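Chemist:
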Amino acid sequence: MFKRTSIGVAACLALSCAPAANAHIVDNVLERSADDAAVKLSPIGSYEAGVMGKSAAEIVAYHAASQRILTVNAQSGKVDILDASDPANPTKAAEVSAGGDKEINSVAVRPDGLAIAAVQQGDKTENGEALIFDAASGDELGRVPLGALPDNVHITNDGAYALTANEGEPSDELTADGTEYAKDPEGTVSVISLPDGVQAPSAADVRTADFRAFDGSDAELDPSIRVFGPENHHNKPSLDFEPEYISSADGKAYVTLQENNAIGVVDIASATVEKVLPAHIADHSVVPIDPSNKDGAAKLRTIPVQGLSMPDSIGAFQTNGQTYFATANEGDARDWGGYTDEVKLKDLVEEGQVCDSVDLPEGIEDKKYAGNLKLSNASGWNEEQGCFDGLYSFGSRSFSIYDAEGNVVFDSGSDFEEITKDIEGLNFNADNEDPDFDDRSNNKGPEPEALTIGTVGDRTYAFIGMERVGGIFVYDVTDPAHAEFVTYTNNRDFAVDYDEDNVAVTSLAGDLGPEGLAFVSKEDSPTDDALLIAGNEVSGTTTIFSVADLVGGSQDEDGDAPDDAPGAWLPGDGSSSIAKGVGIIAGVIALGAMLSGVLHFMPQVADQFYKMLPEPVRQLLP
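Numbered per the working numbering, the sequence shown spans residues 246 to 867.
#1: Using the Cα positions of valine 354 and aspartate 601, report the straight-line distance between them to the nearest angstrom.
#2: With which residues is lysine 520 paired in a DSSP beta bridge?
#3: Skipping 5 residues on each side, what residues in its chain have a beta carbon closer than 6 Å to that of alanine 838?
#4: Can you tell me the Cα-Cα spacing of glutamine 312 and aspartate 403, whole angstroms?
#5: If you run the structure through DSSP and keep just helix, strand and coil, what is serine 311?
#6: Let's test the definition: count the other Cβ atoms within 10 Å of the Cβ of aspartate 808 and tell me whether it reaches 16, buried, or not, exposed.
#7: For valine 750, name the three-state secondary structure that DSSP assigns.
#8: Indicate the three-state DSSP secondary structure (helix, strand or coil) for proline 440 in the structure shown.
#9: Could you tell me the alpha carbon to alpha carbon distance between tyrosine 307 and lysine 539, rounded to whole angstroms?
#10: Leaving out five residues before and five after glycine 658 in sequence, what residues of the same chain have Cβ atoms less than 8 Å from its Cβ?
#11: Applying the 10 Å Cβ sphere with the 16-neighbour rule, what's the burial state of valine 550?
#12: Could you spell out where the alpha helix (DSSP H) holding aspartate 403 opens and where it closes?
#13: Mind checking who valine 765 pairs with in its DSSP beta bridge?
#14: Skipping 5 residues on each side, what residues in its chain have a beta carbon closer than 6 Å to that of glycine 583?
#15: Pick from Ala294, Asp756 and His479: whose alpha carbon is nearest that of threonine 424?
#16: At the level of alpha carbons, what is the spacing between tyrosine 647 and alanine 343?
#17: Let's see if you can read the secondary structure: which residues bound the alpha helix (DSSP H) around proline 482?
#18: Measuring CB to CB, does isoleucine 361 end up less than 8 Å from alanine 407?
#19: For lysine 323 and valine 594, what's the separation of their Cα atoms in angstroms?
#20: Going by DSSP, what residues sit across from proline 288 in a beta bridge?
#21: Would you tell me roughly how many angstroms separate the C-alpha atoms of isoleucine 437 and leucine 386, rounded to the nearest one?
#22: My understanding is that alanine 725 touches phenylalanine 655, with C-beta atoms under 8 Å, so please give their C-beta distance in whole angstroms.
#23: Exposed or buried, what is histidine 727 when buried is set at 16 or more other beta-carbons lying within 10 Å of its beta-carbon?
#24: Could you check where the beta strand (DSSP E) with threonine 732 kicks off and where it finishes?
#25: Are the beta-carbon atoms belonging to serine 641 and serine 537 less than 8 Å from one another?
#26: For glutamate 629 and proline 691, I'd like the C-alpha separation in whole angstroms.
#27: So, using beta-carbon positions, are aspartate 625 and tyrosine 637 closer together than 8 Å?
#28: State the DSSP-derived secondary structure class of lysine 428, mapped to helix, strand or coil.
#29: Using the beta-carbon count (16 or more within 10 Å), is serine 462 buried or exposed?
#30: Quick check: the Cα distance between valine 443 and alanine 310, rounded to an integer number of angstroms?
#31: Among Ser330, Pro430 and Asp325, which has the Cα closest to the Cα of threonine 772?
#32: Am I right that asparagine 411 and serine 382 are in contact with their C-beta atoms under 8 Å? What's the rounded C-beta distance?
#33: So for arginine 208, helix, strand or coil by DSSP?
#34: Valine 783: buried (16+ other C-beta within 10 angstroms of its C-beta) or exposed?
#35: Would the beta-carbon of alanine 516 fall within 8 Å of that of threonine 453?
#36: From the DSSP output, read off the bridge partner residues of leucine 553.
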């Protein structure tokens with residue numbers, strides 16, 4: 246009886262002592278949506294690793310049966326297992342460690358709870374391993390060998406295989422003469438046949454798909470596919486190709502070869518690389534970008550530069566009976582051991598290294614025009630003329646959709662910069678650590694990196710995370726050739742400066758540096774809406790977003806979440822979360838004072854009142 250008679254007062258006290266809002270949900274979430282947006286993306290809860298700027302939250306995965314989020318904490322060399330049964334308050338339930346000086350780069354989980362983490366050795370050039378564990382308990386089940394530096398792991402939709410993109414980065418040292426890397430392992434894809442139950446596969450279940458077939462002089466590669474390195478580097482595709490991220494559909498795996506501006510296609514059953522496709526190249530003489538970080542303005546312009554998409558994340562999906570894959574076109578220079586292919590546009594112009602055939606606008610070398618724009622010196626060089634007859638920048642500042650044959654059917658073009666430049670309170674092209682306006686315009690701009698695909702109702706959506714400026718774009722890709730912008734949400738306060746040593750203050754900035762995304766369907770969600778989970782490597786936060794269906798009946802006539810919807814009270818709709826919290830506390834205190842005596846004599850009412858309380862409050866009651 247004590248629980249019931251004390252419920253009114255106890256609930257009031259519990260709520261009055263609780264914070265009004267999650268510290269990582271900013272008071273004014275930045276949003277921009279299409280007029281006919283069919284979904285709304287709103288942050289509802291976040292978990293803090295307590296470490297800034299050290300990749301304490303990267304790749305994320307979700308296990309529906311246990312309502313667990315798996316978050317790669319690269320800083321600790323662990324996977325943090327979070328209880329997400331209350332998405333507004335995710336809490337750490339367990340962890341899985343790589344051990345020693347090893348690092349974990351990625352994680353994936355099967356519906357039955359079989360989870361796989363990609364483990365990198367202390368010496369990244371040595372072969373890595375797959376760590377197999379139970380997602381619900383965190384118990385390690387075993388390990389199997391992989392190629393060097395496994396960077397991403399993916400489980401096929403049928404649960405039969407785990408696939409890893411083994412990047413095979415070279416050593417950080419060159420040979421004594423500086424002409425090649427001291428060590429340079431092959432980039433590969435591991436194909437792991439998985440057992441039916443929650444148990445570890447054996448080493449015999451692991452096969453390796455390599456790129457050696459493309460080393461021969463008779464191998465056919467599109468000339469836009471980059472094979473490059475130090476002066477006397479072997480320049481073999483099997484060494485140069487560095488698998489970054491992997492996805493699959495209909496028996497094929499699609500793996501990004503980022504620095505090479507290419508995508509490999511792997512036949513899963515035979516564990517062989519079938520072909521290597523060229524990735525998208527943007528024509529910035531037609532598609533504008535902001536190329537200057539020194540003009541003090543969000544000013545997009547066309548320039549005679551090609552943007553190498555150099556995709557990072559990739560997501561394969563099927564719609565209308567056809568297979569497609571989408572890529573987040575981040576861009577990346579090769580910069581190891583003193584070798585780099587990065588150069589500024591102004592240096593090429595001032596040194597007379599641009600061929601006369603390139604029509605350069607007057608003054609383009611000025612840093613307020615495009616002088617600081619970072620280009621690659623590994624593309625565009627005309628050996629016969631001794632100059633660059635093409636200028637190539639890193640990343641296309643877009644996402645692309647390809648059909649199964651590798652044809653680009655859609656590219657978002659300049660959307661990301663066009664949309665973010667006009668949002669009040671957002672510092673255009675800011676860095677993920679430095680909130681200064683226009684800071685990254687000369688270097689990949691907003692830098693799309695994370696990507697995942699999900700279905701809400703009868704529509705298919707692509708979610709794309711911006712590594713630098715932050716925020717997540719949502720596009721309707723149901724008809725891939727006519728993909729449409731839906732909404733953009735950024736849980737970041739640009740008024741907060743960054744100080745990795747002052748976590749308490751910097752955490753008020755919200756989410757910094759989205760690295761990985763995971764979609765949770767409505768059917769698998771602990772709420773009435775689908776969810777999107779984001780791992781933010783700079784802020785070390787794992788943040789949960791509701792993906793509200795504005796068409797499927799979860800909203801009221803005005804398009805807002807109904808008052809009784811799960812999480813409707815939570816911050817994230819642009820209003821002050823503090824004011825909401827104060828209002829809730831005051832209301833509950835008044836209600837509790839009024840009902841505290843009544844509840845003693847009416848246990849049935851007490852039971853109903855008890856059920857209405859949030860789960861965290863119920864747990865605090867005796």
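All C-beta atoms in this analysis are idealised placements derived from N, C-alpha and C, irrespective of residue type, glycine included. Please read these numbers as outputs of a predicted model, since none were measured by experiment.
Modeler: For this structure:
#1: 54 Å
#2: The partner list for lysine 520 (beta bridge, DSSP) reads Val510.
#3: Since pLDDT at alanine 838 reaches only 40, below the 50 mark, its modelled position is unreliable, and no value is offered.
#4: 20 Å
#5: coil
#6: For aspartate 808, the pLDDT reaches just 37, beneath the cut-off of 50, and the residue's location in the model is therefore unreliable, leaving the point undetermined.
#7: In the displayed model, valine 750 falls within a helix according to three-state DSSP.
#8: Note: proline 440 maps to coil in three-state DSSP.
#9: Straight-line spacing of the CA atoms in tyrosine 307 and lysine 539 works out to 42 Å.
#10: Ala527, Val532 and Ser643
#11: buried
#12: From DSSP, aspartate 403 is part of no alpha helix (DSSP H); its letter is neither H nor E.
#13: Note: valine 765 sits in a beta bridge opposite Leu776.
#14: Leu419
#15: His479
#16: 36 Å
#17: Bounds of the alpha helix (DSSP H) holding proline 482 are 482-485.
#18: The Cβ atoms of isoleucine 361 and alanine 407 lie closer than 8 Å to each other.
#19: Cα-Cα distance, rounded: 47 Å.
#20: Phe790
#21: 15 Å
#22: According to the sequence shown, residue 725 is proline rather than alanine. Proline 725 to phenylalanine 655, Cβ: 6 Å. Contact.
#23: exposed
#24: Here the beta strand (DSSP E) through threonine 732 covers 729-735.
#25: no
#26: 36 Å
#27: First, the residue type needs correcting, since residue 625 is glycine and not aspartate in the sequence shown. Contact: yes.
#28: It is coil, neither helix nor strand.
#29: exposed
#30: 13 Å
#31: The alpha carbon of threonine 772 has as its nearest neighbour, out of Ser330, Pro430 and Asp325, the alpha carbon of Ser330.
#32: Not really, about 28 Å apart at Cβ, beyond 8 Å.
#33: For residue 208 there is no data in the structure shown, the boundaries of the chain being 246 and 867.
#34: buried
#35: yes
#36: Ile526 and Phe639
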